[in-house]
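Protein sequences appear in the order of chains F and R. With this note's numbering applied, the first sequence covers 790 to 939. With this note's numbering applied, the second sequence covers 573 to 1243. Built from N, CA and C at the ideal position, the CB exists for glycine as well. For reference, the structure is listed below as structure tokens.
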Amino acid sequence: MKQRTKRLVAVLVGLGGVSLAVALTLNAFRDNLVFFFSPSQVLAQEAPLDRAFRIGGLVEDGSVQREGIRVSFNVTDTAAVVPVVFDGILPDLFREGQGVVAVGRLLEGGVFHANQVLAKHDETYMPPEAAEAIKQAQREQARVMPPEEL
Amino acid sequence: MLPEIGLLALILALILALLQGVLPLLGAARGDQALMAVGRSAAWGQFVFLFIAYLILTHAFLTHDFSVAYVASHSNLALPLKYQLSAVWGGHEGSLLLWALMLGFWSVMVSIFSRSLPADVLARVLGVMGLVAVGFIGFMVFTSSPFERLIPAPLDGRDLNPMLQDPGLIFHPPTLYMGYVGFVVPFAFAIAALLGGRLDAAWARWSRPWTAVAWAFLTLGIGLGSWWAYYELGWGGWWFWDPVENASLMPWLTGTALLHSLAVTEKRGTFKNWTVMLAILTFSLTLLGAFLVRSGVLTSVHAFAVDPSRGSYLLGYMAVVVGISLSLFAWRGPKVGLGGSFGMFSRETGLLLNNVILVVACAAVLLGTIYPLVLDALGLGKISVGPPYFESVFLPLMLPLMLLLGFGPTVRWKQDDPLQVLRRLRLILAFSLVVGMLWPLAVGSWSLLAAMGTFLGLWIMATIVHDVFVRLRQTPPVPEHDEAKSPRVRRLGLGYVGMQLAHFGMALMVVGITFVIGYDQERDVHLRIGETITVAGYDFRLEGISRVQGPNYVADRGEVTVFDGERQLPTLYPEKRYYPSQEMPMTQASLNRGIFRDLYVSLGEPLPDGSWIARVYYKPYMNWVWLGCLLMTFGGLIAAADRRYRLKTAQASVAHPDPAVLANAKPSGTG
């Protein structure tokens, strides 16, 4: 082979390798996107049943129940409530009335089965997604309410 | 009064950084020796004032001066001394001060160790470092002063976040920052070279040791962070693909690429543009990391509580730095020539592949890290990218890289014969393939991942051992060097020894990672007192729970006896601590560490009947990952100590004459 053909082959092989890597990457990327839905959106059936997603909001007061290794609680954005079950150990700062984000799947019957629960990591910190969900829900409520009640 | 002096010291440091940033560059442009000489004294002055500020902040912590807002929110009267000292960098403002201090430290180091550099090069390097420092010190002075007063002062502070009250806080941030900030030096060298129009082998040689040291610290810092998260968070995880972890991994990947591409530039005069690009890219990624952590855009254990002005400052700063660097590159870059040519199968090709793979890996991590943030910023919805994405991208990329790592260093520069290399290494290849495929059977069930890991690990280690022996046999004693009398290993050169040590560390890490992913066992269990559970053949029994009083917490301490069949292992004492100052519980895991496995117990929460939810792990080969990090760190430091880098510039720059370089070089550098 001539030097130029060799170089051409090398460039083509390189380009092929990189395109393959890009294709694999984008494919893996699409399959692993995890969307966020607020409890209101879950109740409005906007969330998918066939793939994992995140929900966030406040842990409803008095809703935490433990049964051996399984724990169940409700997540609310103050407008809607989604029941969540989780098998395992909750983060140290998981508490009733505090912000939380859970990753998992929605089961038939509207129960969210979490495989990961994230809480804030210090006293002043709130998961931004949870805060946003609550703010959104409150804006919605404000819009529904007649003006004189505001 | 002292805190005001601290702020004053910061302002003075800012002014000196400004002088360091402007005058030497001006001097280099005009050929004015006096102006160029300002760089060194300004660098020293800046460092001294930053150090004064640092001491004053430390003093405020030690004297419990809660009238300083930063102290009040990160310390209290009961905080143990070692955490008072390290709480200085336990929050946003203080860690920024540490960052700036280290930047000043690197400037001073450059001024000490680069005396042999031509005056204009040193002036430009220090000038660029000064401009970078202006950005960071300015950020501190204008948006995040650690000396802000809190009037009236509270009687007691809010205490340091209990998660940070751990030896990890003492070591992880300083080493990580040393690494992050250290990449300013190769960046400054690259920009200085662009400004001076002198990108030659000498430039690469000057940059290499600095890059190696920064890379070593970054490796150690990331390793320490992973090691800390492993036991501190109580989840037994050591890498979460958390955006902040990714933020440190990205400059590590491009920094590793830079280290390898510098080798080609130094030895063969090729890849120059690419090397400059990598230096700019790596530094930009460290800025991106700073932005991600400090702007509050992330949900992460690392994120600081923040106000939005900081985010926009950092974003603006990043835009300015990247914009100027890239324009300079576009303007000056193409002039620097292409360097020597090389064959299809050569060391250069291998290192080129290394660079391509590392940069593609970095791009993949960048995509997964930034995409959710961009989408969110545009109001297009909230998403996150799960760890499976990163794993499924990393695995196929690392496989060819590790294969390449085995034989790459044995391939000759310019042109080599693939068949000859194959013939040389065929026994090693066969050996590592066979043992690699069989070894996982000895551990448990066969898994493809662990088999690949063992094969690649053995392949790398065996080729290193082979290569070292070959070289020891071939390298004749060099009579004119003092080293002739020293052990034969010294004759290999520290650069070579460091490289192979780091590669060996990488091999250990590959084995560790694949085994711990393939064979770890995790059980969340409900344990009553006296109950035994079995994980991976080990029996764990909860003997009891007792109340313990710590210096600033109370804890429920479990006593867990562990049996390996009949043999009793050391008892584990996992704790659940409560820090009354922050009303915050903390999990303190307890570990039995070993060469081939870790046993790990952490307490979850108590149930009303006195039993506990607990988490029990079996983690095989976990310590190989940390050991690998350590070897890579030492490798980087040893390579940086190679005596080649300490030779006088005059000798250094003529070592590899290259027509393209000579055509471009100005006479002053080689005289």
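Test item: CB-CB of residue i and residue j under 8 Å
{"i": "V682/R", "j": "V610/R", "result": "no"}
{"i": "G1130/R", "j": "L1175/R", "result": "yes"}
{"i": "F1027/R", "j": "L1005/R", "result": "yes"}
{"i": "L722/R", "j": "A786/R", "result": "no"}
{"i": "V983/R", "j": "R919/R", "result": "yes"}
{"i": "A810/F", "j": "L969/R", "result": "yes"}
{"i": "V890/F", "j": "A868/F", "result": "no"}
{"i": "L689/R", "j": "W778/R", "result": "yes"}
{"i": "G793/R", "j": "H744/R", "result": "yes"}
{"i": "L668/R", "j": "F711/R", "result": "yes"}
{"i": "R840/R", "j": "W671/R", "result": "no"}
Beta carbon proximity, residue i to chain R, threshold 8 Å
{"i": "A920/F", "result": "no"}
{"i": "K924/F", "result": "no"}
{"i": "G899/F", "result": "no"}
{"i": "A810/F", "result": "yes"}
{"i": "F825/F", "result": "yes"}
{"i": "T867/F", "result": "no"}
{"i": "T794/F", "result": "no"}
{"i": "N904/F", "result": "no"}
Cutoff 8 Å: residue i Cβ touching any chain F Cβ
{"i": "Y961/R", "result": "yes"}
{"i": "G666/R", "result": "no"}
{"i": "E1147/R", "result": "no"}
{"i": "D1096/R", "result": "yes"}
{"i": "D604/R", "result": "no"}
{"i": "R1187/R", "result": "yes"}
{"i": "M849/R", "result": "no"}
{"i": "L579/R", "result": "no"}
{"i": "S964/R", "result": "yes"}
{"i": "G958/R", "result": "yes"}
{"i": "A1002/R", "result": "no"}
Closest residue to residue i among the options (Cα-Cα distance)
{"i": "Y752/R", "options": "M1033/R, N1164/R, N1195/R, L790/R", "result": "L790/R"}
{"i": "L887/R", "options": "A902/R, A862/R, V680/R", "result": "A862/R"}
{"i": "T814/F", "options": "R770/R, Y961/R, L771/R", "result": "Y961/R"}
{"i": "F824/F", "options": "D839/F, S861/F, R796/F, A868/F", "result": "D839/F"}
{"i": "V1249/R", "options": "L767/R, A644/R, T858/R, W985/R", "result": "The requested residue 1249/R does not occur in the structure, where chain R is confined to residues 573 to 1243."}
{"i": "V932/R", "options": "K795/F, L797/F, G803/F, V807/F", "result": "V807/F"}
{"i": "R1149/R", "options": "P1178/R, N1164/R, R1169/R", "result": "P1178/R"}
{"i": "L1073/R", "options": "D1096/R, D1039/R, Q1046/R", "result": "D1039/R"}
{"i": "E665/R", "options": "I852/R, R882/R, L651/R, G895/R", "result": "R882/R"}
{"i": "A615/R", "options": "A691/R, T921/R, I1032/R, W678/R", "result": "W678/R"}
DSSP-derived helix/strand/coil call for residue i
{"i": "I577/R", "result": "helix"}
{"i": "N1124/R", "result": "coil"}
{"i": "K1148/R", "result": "strand"}
{"i": "L801/F", "result": "helix"}
{"i": "D1096/R", "result": "strand"}
{"i": "E1138/R", "result": "coil"}
{"i": "H754/F", "result": "For residue 754/F there is no data in the structure shown, the boundaries of chain F being 790 and 939."}
{"i": "T1133/R", "result": "strand"}
{"i": "F862/F", "result": "strand"}
{"i": "A908/F", "result": "strand"}
{"i": "K986/R", "result": "coil"}
{"i": "A1222/R", "result": "Here A1222/R scores only 40 on pLDDT, less than 50, and its place in the model is too uncertain to base an answer on."}
{"i": "W782/R", "result": "helix"}
{"i": "N821/F", "result": "coil"}
{"i": "W1184/R", "result": "strand"}
Rounded C-alpha distance that separates residue i from residue j
{"i": "G808/R", "j": "P1123/R", "result": "26 Å"}
{"i": "P935/F", "j": "R928/F", "result": "At P935/F the pLDDT is 49, less than 50, meaning the model places this residue with poor confidence and gives no usable figure here."}
{"i": "F842/F", "j": "Y1172/R", "result": "30 Å"}
{"i": "F708/R", "j": "G578/R", "result": "16 Å"}
{"i": "L771/R", "j": "S645/R", "result": "48 Å"}
{"i": "V704/R", "j": "G593/R", "result": "8 Å"}
{"i": "L832/F", "j": "G827/R", "result": "47 Å"}
{"i": "G940/R", "j": "P823/R", "result": "15 Å"}
{"i": "T1133/R", "j": "D1170/R", "result": "15 Å"}
{"i": "S1118/R", "j": "A1127/R", "result": "8 Å"}
{"i": "G857/F", "j": "N904/F", "result": "16 Å"}
{"i": "G895/R", "j": "R998/R", "result": "49 Å"}
{"i": "I1032/R", "j": "M916/R", "result": "22 Å"}
Residue i CB to nearest heavy atom of the ligand ADP below 7 Å
{"i": "L580/R", "result": "Inclusion of the ligand ADP in the displayed structure is not the case, the ligand content being empty and no account of it being possible."}
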